[in-house]
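Residue numbers (this note's numbering): 982 to 1194.
Cβ atoms here follow ideal geometry from the backbone N, Cα and C, with glycine treated the same way.
One structure is given below, encoded as structure tokens.
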Ligand code: AP5
Ligand code: MG
């Protein structure tokens, strides 16, 4: 099963992708997490990506596509995966499609987690993310057992640099202009499913499970 998570920044793509990954035993692949891990490790890729991410802009397609295609060619992706934060532009979606076509494959579900902009800004300030495994917490909704420490892997929890209110607004603008057109793209392919992302995260997950089966 190959699944794409669509939705605005902070809609809950990462939260739901992680739950899907556990239930269906699929790797959760987040390009944002890959970039953040590279930033933490001080790699060249991390340095380049950070310049864009801190402004709320997208990392250029060439760089992002290469990383994603490398990742999905790994053995653990043979039975499918959940992509979280990729594709984010029409050119990215087209490259992914072409690569899958070569293998005689295609995307099974593109799940749009729908949350209005007003709700988003409120969510972001409380988010904490594990810099090692990417697990996501919220100081009120999903607090970790021990403050600042990831329940899953013991990694350090951070407030992301791009979660400042003015950067969140830029990310929302970028989402509406560059990423939202993917909703039509996947609707045309007959794989788009929309879920209400404003309800409790367990309820969001129930809607997703009823789609995936
Ligand atoms: P990325 O890491 O993908 O960030 P994003 O799309 O902006 O999305 P977020 O991770 O902020 O939100 P989410 O939808 O995963 O929500 P979450 O589950 O955490 O990308 C970061 C940057 O990297 C981009 O801006 C770009 O620069 C670059 N990048 C990445 N991929 C790229 C690509 N393909 N091309 C180009 N550049 C790329 O939830 C948010 C918070 O809300 C959490 O605290 C959570 O606990 C809480 N929450 C979740 N669900 C609920 C709920 N139902 N009710 C209440 N609270 C909830
Ligand atoms: Mg995320």
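- Looking only at 1170, 1155 and 982, the smallest Cα-Cα distance to residue 1002 is reached by 982.
- Taking 8 Å as the cut-off, the beta carbon of residue 1090 is found closer than this to the beta carbon of residue 1192.
- Counting only runs of 4+ residues, the alpha helix (DSSP H) found wholly inside the segment 1086-1149 occupies 1098-1105, in chain order.
- If you draw a 10 Å sphere on the C-beta of residue 1082, you find fewer than 16 other C-beta atoms in it, and that means exposed.
- Between residue 1136 and residue 1114, the C-beta spacing is below 8 Å.
- The three-state secondary structure of residue 1038, taken from DSSP, is coil.
- Take the alpha-carbon of residue 1111 and the one of residue 1085: they are about 36 Å apart.
- Taken atom to atom, the span from the alpha-carbon of residue 1190 to that of residue 1171 is near 18 Å.
- Closest by C-alpha distance to residue 1075, out of 1042, 1032, 997 and 1105, is 1042.
- Shortest gap from the CB of residue 1118 to any heavy atom of ligand 1: under 7 Å.
- Beta-bridge pairing by DSSP links residue 985 to 1064 and 1091.
- In terms of Cα proximity to residue 1119, the closest of 1127, 1133, 1132 and 1104 is 1104.
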